[in-house]
Each structure stands twice: as C-alpha cells, then as structure tokens.
Amino acid sequence: MNNEESIILANRQHGKYFMRFLNVLPASLSSHDTTRVTIAYFAVSGLDVLGSISTMSLELQNRIIQWIYRLQVHPDKDTGDMSVCGFQGSSTVNIDFNSRNKLYRCGHLAMTYTGLCILLALGDDLSRVNRKAIIEGVKALQTEEGNFAATLSGCESDMRFVYCAACISYILNDWSGFNIKSATDYIIKSIGYDYGIAQCPELESHGGTTFCALATLSLTNQLDQLSEAQIEGLKRWLLLRQIDGFQGRPNKPVDTCYSFWVGASLKILNALHLSDYANNRSYVYETQDIVVGGFSKWPDTCTDPMHTYLGLAGLSLIGESGLFEIVPTLNISKRAHEHLKTLHEQWASS
Amino acid sequence: MSDCGDSDAGWIFYKDRPDWNDIKPVPEDDGITPVVVIAHSEKFEDVYDYFRAILQKDEKSQRALELTKDAVELNSANYTVWQYRRELLKELGTDLRSELDYVESVIKISPKNYQVWHHRRVLVEWLQDPSQELDLTAEALLHDPKNYHAWQHRQWAIKSFRLYDKEIEFVDSLLSDDVRNNSAWNQRYFVHNNHTGWSDMNVQREICYTLEKIKFVKNNESAWNYLRGILLHDKRGINGNGVVTAFCEELYKNRCRSPFLLAFIIDVCEEAIKKNETNGFHNVERAKELCTALATKYDKIREKYWMYLRDRFEMYVCVNGENSQ
Ligand SMILES: [Zn+2]
Numbered sequence: 001m002n003n004e005e006s007i008i009l010a011n012r013q014h015g016k017y018f019m020r021f022l023n024v025l026p027a028s029l030s031s032h033d034t035t036r037v038t039i040a041y042f043a044v045s046g047l048d049v050l051g052s053i054s055t056m057s058l059e060l061q062n063r064i065i066q067w068i069y070r071l072q073v074h075p076d077k078d079t080g081d082m083s084v085c086g087f088q089g090s091s092t093v094n095i096d097f098n099s100r101n102k103l104y105r106c107g108h109l110a111m112t113y114t115g116l117c118i119l120l121a122l123g124d125d126l127s128r129v130n131r132k133a134i135i136e137g138v139k140a141l142q143t144e145e146g147n148f149a150a151t152l153s154g155c156e157s158d159m160r161f162v163y164c165a166a167c168i169s170y171i172l173n174d175w176s177g178f179n180i181k182s183a184t185d186y187i188i189k190s191i192g193y194d195y196g197i198a199q200c201p202e203l204e205s206h207g208g209t210t211f212c213a214l215a216t217l218s219l220t221n222q223l224d225q226l227s228e229a230q231i232e233g234l235k236r237w238l239l240l241r242q243i244d245g246f247q248g249r250p251n252k253p254v255d256t257c258y259s260f261w262v263g264a265s266l267k268i269l270n271a272l273h274l275s276d277y278a279n280n281r282s283y284v285y286e287t288q289d290i291v292v293g294g295f296s297k298w299p300d301t302c303t304d305p306m307h308t309y310l311g312l313a314g315l316s317l318i319g320e321s322g323l324f325e326i327v328p329t330l331n332i333s334k335r336a337h338e339h340l341k342t343l344h345e346q347w348a349s350s
Numbered sequence: 001m002s003d004c005g006d007s008d009a010g011w012i013f014y015k016d017r018p019d020w021n022d023i024k025p026v027p028e029d030d031g032i033t034p035v036v037v038i039a040h041s042e043k044f045e046d047v048y049d050y051f052r053a054i055l056q057k058d059e060k061s062q063r064a065l066e067l068t069k070d071a072v073e074l075n076s077a078n079y080t081v082w083q084y085r086r087e088l089l090k091e092l093g094t095d096l097r098s099e100l101d102y103v104e105s106v107i108k109i110s111p112k113n114y115q116v117w118h119h120r121r122v123l124v125e126w127l128q129d130p131s132q133e134l135d136l137t138a139e140a141l142l143h144d145p146k147n148y149h150a151w152q153h154r155q156w157a158i159k160s161f162r163l164y165d166k167e168i169e170f171v172d173s174l175l176s177d178d179v180r181n182n183s184a185w186n187q188r189y190f191v192h193n194n195h196t197g198w199s200d201m202n203v204q205r206e207i208c209y210t211l212e213k214i215k216f217v218k219n220n221e222s223a224w225n226y227l228r229g230i231l232l233h234d235k236r237g238i239n240g241n242g243v244v245t246a247f248c249e250e251l252y253k254n255r256c257r258s259p260f261l262l263a264f265i266i267d268v269c270e271e272a273i274k275k276n277e278t279n280g281f282h283n284v285e286r287a288k289e290l291c292t293a294l295a296t297k298y299d300k301i302r303e304k305y306w307m308y309l310r311d312r313f314e315m316y317v318c319v320n321g322e323n324s325q
C-alpha cells in the first residue's frame, strides 16, 4: 500500500525533541515541577527506543545519573527509619529537615520507578541505590486493601502505584516489601463486569489501569490467577478498544498513548497479534510532528514528552523498523532489560 | 492551567513584603548537574523559596496558610504543599467549611488533578459531612461526563456515606443525555451491585431497561457490556434468558449486524455449547458463521481476533465431537 509506505519515522527530530526536554523547559510547564523525573524518563527511554543513547554525550549521561542520585532519600541518620526512602521527582523539597517534619522529604513510587528506569537505560550499575531502604519505602506504602499510595505524605492509593511498586521490586529483585497475595486480590477485585480493569474496585474499566494491573500480574507471576473467562474477556475488551488507533475506554476518542497501554496489555496476554497493526500504525503516525519532532494524543494538537515516548513505545510493540524492542511489563527497552539481568546475576553471586 | 506569569497587577513578591522580612528564603538546590530544568517565573521562584523556608522551619501560622494558597495557584499538583496546608488547617483550627469552598474553586480550575480531589476527600472525612459531594461531582460531570476523578470521588462518597437513594435518577439523566456514556453505565452497575441488589425482579427490570436503550442505539458497546454484566446475576446465564435471546434474534432477523449483537450471539452459543444446551439458533456452526461474518464483513479491523475465536469453536467440535443441528 502506497500511503502506508510513505509514512516515515522522523527519528532525528524525535531525538532532538527529547534532548530539548532534557535541557530547559518553559515556565508554562511549571505544573510539572514535582515530576521532572518522569519527563527525564520519557526523554531517556525515548532516546533508548530510538537507538540514540549512544548519541548522548557521556557528560550528559553522567549529569543525568548524578541528578537522579541526588534525589534519592536515604534512611534517617538518627533512627535508621527507612519508611520515606525512595526517589523524589525533583528538588523542590530536597532540603534538610529536623526529625519532626522530615516526612515532607519522601520518595514517591512513580519517581522511584522512573528514576530506576533512567539509570538502567543509561547503563548505571545501581551500586549507589540503597536497595534495602527503597524496598522498606515500598513496604511502608502498601495499604490494607492491597494497593499502594505513592508517598507517605498524604496521597491517594490506587492501581498506578501497585504497578510502580511491582516494577521497583522486580528491578531491585526483592519482593519483601510487596505483598503479592493482597495486591493480586486487589487487582482481581478491580476487574469490571466488562472484564476491563479499573483504578480501584467498581470504578470504570480503563486502558491505563488495565495495563498497570496486567503488568503487575505478569511481573509477580500471577497471571494464572485469572480464570479463562477473565483472560478471554480481557482480550476482547482490549481488542475492542481499537478504532484505528486505540481508545482508553468504550466510546471515548482514540489517543496515541493507548497504542502502548492497550498494546502492551495485549502483548502481556499474547494477543497483540490479533489487533490490526496497519491501522494502529497509521493513527500513531497521524499524531507525529515531523518538523519539530514529538507525538501528540490527537492529530494536529500539541505534542508532549509522554505521548511522544508512548507513541514510539506503541510502534515498537508492533515491530516498527528502526526502533528498539520494548519490554511491555517494565516499559523499558529490551536493551535496558538485558543490562538489568546482568545486574541481577551480579547481585546473586555476590 | 492559565499562565501564572508575573503580570498580575499589584502582586508583591514575598521578598519585598515587610511582614515576611524575618524569613530567609530557601532557594531550590538542584545540584551542579541539573537536567529537565523548568525556567519558572520569578513569582514562582519567590513563592517556593518562601514555601521551602516555612516548611523547613515548620512554621504553623496564618501567613503560612496564605502562602500555601499562592503555592497551589502556581502548581496545584504539588502534593507537599497540600499536605502542609492540611497540617496548618489542623494546627490553626481553621474553619473547614471555608476550606471546602476553597478546594471547590480549585477543582473548578483543575478538575483532572489528583491532589485536589484527595484534599477534598480528606476534608470530607474530617468533617464527616458528605452533603455537598453529590452536587460538586455532578457539576464536574456536567462539564465532562466521563471525568474519572469526579466519578471516583462520587463513588467513594456514595459508598462511604450510603448516598445511593437518588443515584439511579442521576444515572438516568446522564444516559438520556448520552446513551454511550460508559461511565454512567458503570455507575448504574455500581448502584445495583451495592444498593438495589440482584433480585430476579431487579435483574429482569434492568434487562428491559437495557434492551430499550439498545433498541434506540444498537451499535453501543457500553449497553451491550452492561447487558452481559446483568446477566452474570441471572441464574439461567447468558443463554437462558428467553427475553434476551428472542430480542437478539429479532434484531438479527431485521438485518441488524452490529458487531456487538453478533458478538453477543456468539457468546450465547458458547455458553449453550458449554452447558450442552445447543439448539437451532445457538450452536457451533452458528458461532463459526458469525465469527466469519465479523472477520470478513462487519468488523474487519478485528479480523484476526474473530478468526482466532472461530478456531476456538473448531476446537470445541474436536473436544466434544459435537455436530450442529
Ligand atoms: Zn493519552
């Protein structure tokens, strides 16, 4: 098909796009002030998927690694308490506190997860990660319900942070801070009557939270806890999300990011091959800005780093040439995952 | 969020305020190798320099409370600011009703922000007063009937304080505005599952309601999913309810070929096969035929899926040695 072949990946522009976000952002992005690590993750992991990590100067790679490590919250010097350990998303409250209000300087599960992903993509050996402390920090955030809050400092708890906690535990190869049984119960309770999975029990099924749930079940080896009806129901619910690209919920508009969230969910269930790659692909490309780089959620709208990364990751899942393979559960490149495996071997033998 | 620039007339930087000159601002320390640097406005930096200072000092004062408001206005996603604000509210004994009004005004500006809804929830828990929550969320849903945050807050309030009484009417009105509103269908299920219950009579009533909606718009996944959901509570299962199966065959006879109808009949066939209750309408051959029709004509984008399903029915024949009638 002619028009299909004429679609080109603006590889070079996307690389530049991510480099700009690693550099300086305009004041209009001030609302992302506490989550800068996630922007760095989209950029670094995006460069990784583009096969462009090697085009970053070593100086820049080291700067990023130093910056991430500065955001690590260490155990309390006096008491040894580790409940606030993890990574912060920025240095907005990266200040010294006396013991009374030290809770304000605490790790955040999404920042710990994406921070670790950045370190892995850049080939860091995680030797400066206080693994024990981070796992204690994860442990402190699991609720009675089985889900996780993001931080100890006044935060909602839901499926997103179950996923982040599972990724952290997998990366650090230590599940002692993650009660698999109660997390699995929570996930199964969050399956809806339509077989999609929601942010919490009884809420509406959602493509993003379905991904978080399935990836967690996969990382914890619990996919066999789903019944055949649930697995087949999930496959259908996920495949019905495809219009040309994918939507996140029934009767909602298509959005580039769901080519990853739904695509990766299908991949985890070994059912991605049942979707229509050509339509998926051409939708994602409709949201590509070939001039300045980046992808947006809808055609002809503003690009952002998240949709740019997830657009590329979604394309990678369907085998787009020129892109590195993605590990759907962890949402990092296979290359980064291979690096992680060697670290796990080193830890096991030491 | 609107531009929080330095243009607001009359704004005085904290560093220029005499009543703050006892505080030494604490600038952000991003180290010597910062990346993803946001070029904040001067106002942003000023407010947050003072926020860090009071946080570090752990100052619990009225002026600190006012400062958190400015910090929220510049970034309502900063969960530390909200958390500190809650500490201040407790410590200062501030009137929480006025705080409800305040957070409502922030929700109106940022209705898709996790932190504001969390703040709201904590306040309602403290006050043990959910009396405004249905109106607040109804208002948010008026602007965006599928706002996930608003639905989550609404379900939480309804569940925690047993506010089910008028919820079905609310759902009805949303569904008459937009019968494709999947969030509203989900809420309908929520109400029945927790409140009305699944008595036979209620199940039948819900089935009739749903079939009416499907008659009105046939190609509506949300309604078909809901129908399957209610039938989970019908002892006769998805293939045993005569009203439903007759309705489907009638639609089919009248040339409706909505993929959701065909998929539903396929599911009826599957259950009939599993329960050894196949008949002239619901059997392996019919299921395979419908899978082929979907794959080749009515739902081509999922061609591979429908062929996959067709193969599964092929396997039933092998396993059960069953023939169609
Ligand atoms: Zn999106």
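Those protein sequences? They're chains A and B, same order as listed. Under the UniProt record's numbering, the residues of the first sequence are numbered 1 to 350, in order. Under the UniProt record's numbering, the residues of the second sequence are numbered 1 to 325, in order. Think of the CB as a built atom: it goes at the ideal place given N, C-alpha and C, for glycine as much as any other residue. These figures come from a predicted structure and were not determined experimentally.
Cross-chain neighbours of residue i in chain A, by beta carbon under 8 Å
i	result
lysine 304 (chain B)	His273, Leu274, Ser275 and Asp276
C-beta neighbour in chain A for residue i, strict 8 Å
i	result
tryptophan 198 (chain B)	no
glutamate 221 (chain B)	yes
lysine 146 (chain B)	yes
glycine 229 (chain B)	yes
arginine 109 (chain B)	According to the sequence provided, residue 109 (chain B) is isoleucine. The question's arginine does not apply to it. False, the Cβ-Cβ gap to chain A never drops below 8 Å.
tryptophan 151 (chain B)	yes
methionine 1 (chain B)	Note that methionine 1 (chain B) has pLDDT 40, beneath the 50 cutoff, so the model's placement of it is unreliable and no number is given.
aspartate 58 (chain B)	yes
Listed by chain order, chain A residues near residue i by CB distance under 9 Å
i	result
phenylalanine 44 (chain B)	Ala27, Ser30 and Asp33
histidine 118 (chain B)	Gly154, Cys155 and Glu156
Contact set between residue i and chain B, taken where Cβ atoms lie within less than 9 Å
i	result
threonine 151 (chain A)	Tyr79, Thr80 and Gln83
cysteine 164 (chain A)	Those within 9 Å of cysteine 164 (chain A) in chain B number zero; the least Cβ separation is about 14 Å.
glutamine 91 (chain A)	One point to set straight first is that residue 91 (chain A) is serine, not glutamine, in the sequence displayed. In chain order: Glu28, Asp29, Asp30, Gly31 and Pro34.
Any C-beta of chain C under 8 Å from that of residue i
i	result
glutamate 28 (chain B)	In the structure shown, chain C cannot be found, because the protein chains are A and B.
Chain B contact for residue i (CB, 8 Å cutoff)
i	result
isoleucine 39 (chain A)	yes
glycine 154 (chain A)	yes
phenylalanine 97 (chain A)	yes
valine 24 (chain A)	yes
methionine 1 (chain A)	The pLDDT assigned to methionine 1 (chain A) is 41, lower than 50, so where the model puts this residue is not dependable; a value taken from the coordinates is nonetheless given after this. It does not; no Cβ of chain B falls within 8 Å.
Contacts of residue i in chain B (Cβ-Cβ under 7 Å)
i	result
leucine 239 (chain A)	Arg302 and Tyr305
tryptophan 261 (chain A)	Correct list: empty, because the minimum Cβ distance to chain B is about 14 Å.
threonine 64 (chain A)	Before going on, a small fix: residue 64 (chain A) reads as isoleucine here, not threonine. By Cβ distance, chain B contributes Val35.
Inter-residue CB distance, residue i and residue j (contact presumed, cutoff 8 Å)
i	j	result
alanine 53 (chain B)	valine 26 (chain B)	5 Å
threonine 256 (chain A)	serine 296 (chain A)	7 Å
proline 250 (chain A)	asparagine 225 (chain B)	7 Å
tyrosine 186 (chain A)	tryptophan 237 (chain A)	That pair is no contact at about 19 Å.
isoleucine 188 (chain A)	leucine 122 (chain A)	Not quite, the Cβ-Cβ distance comes to about 36 Å (not below 8 Å), so this is no contact.
isoleucine 238 (chain B)	arginine 228 (chain B)	7 Å
isoleucine 171 (chain A)	leucine 116 (chain A)	5 Å
asparagine 279 (chain B)	alanine 272 (chain B)	7 Å
serine 218 (chain A)	isoleucine 268 (chain A)	5 Å
alanine 142 (chain B)	leucine 123 (chain B)	According to the sequence displayed, residue 142 (chain B) carries leucine and not alanine. At roughly 22 Å, the Cβ-Cβ gap does not stay under 8 Å, so leucine 142 (chain B) and leucine 123 (chain B) are not in contact.
Run of the alpha helix (DSSP H) containing residue i, from where it starts to where it stops
i	result
isoleucine 107 (chain B)	96 to 109
tyrosine 309 (chain A)	305 to 317
arginine 120 (chain B)	114 to 127
valine 37 (chain A)	36 to 49
lysine 267 (chain A)	257 to 268
glutamine 61 (chain A)	58 to 70
cysteine 117 (chain A)	109 to 121
aspartate 96 (chain A)	First-last for aspartate 96 (chain A): undefined, no H or E at that position.
glutamate 136 (chain A)	131 to 139
serine 169 (chain A)	159 to 171
serine 79 (chain A)	Residue identity differs from the one stated: residue 79 (chain A) is threonine in this sequence, not serine. That residue, threonine 79 (chain A), is in no alpha helix (DSSP H); it is neither H nor E in DSSP.
Under 8 Å by beta carbon: chain B residues contacting residue i
i	result
tyrosine 104 (chain A)	Leu55, Thr80, Gln83 and Tyr84
glutamine 199 (chain A)	Tyr148 and Gln152
Interface partners of residue i on chain A, CB under 7 Å
i	result
asparagine 182 (chain B)	Glu204, Arg249, Pro250 and Asn251
phenylalanine 190 (chain B)	Glu202
arginine 52 (chain B)	Val93 and Ile95
For the segment 24 to 94 of chain B, which segments carrying the alpha helix (DSSP H) assignment without a break, of at least 4 residues, lie completely within its bounds, in sequence order? Qualifying alpha helix (DSSP H) stretches, in chain order: 42 to 57, 62 to 74 and 79 to 92.
Mind listing, in chain order, the continuous beta strand (DSSP E) runs of no fewer than 3 residues lying wholly within the segment 290 to 320 of chain B? Counting whole runs of 3 or more residues, the segment 290 to 320 of chain B contains no beta strand (DSSP E) stretch at all.
Any chance you could list the alpha helix (DSSP H) runs of at least 4 consecutive residues sitting entirely within the segment 213 to 260 of chain B, in chain order? With a minimum length of 4 residues, the continuous alpha helix (DSSP H) runs that stay inside the segment 213 to 260 of chain B are 221 to 231, 237 to 240 and 242 to 253.
For the segment 150 to 221 of chain B, which segments carrying the alpha helix (DSSP H) assignment without a break, of at least 4 residues, lie completely within its bounds, in sequence order? Correct list: 167 to 177, 182 to 191 and 200 to 216.
Quick one: which unbroken alpha helix (DSSP H) runs of 4-plus residues sit fully inside the segment 187 to 248 of chain A? Chain order, please. When DSSP assignments are scanned along the segment 187 to 248 of chain A, the uninterrupted stretches of alpha helix (DSSP H) that are 4 or more residues long and fall wholly within it turn out to be 207 to 219 and 228 to 239.
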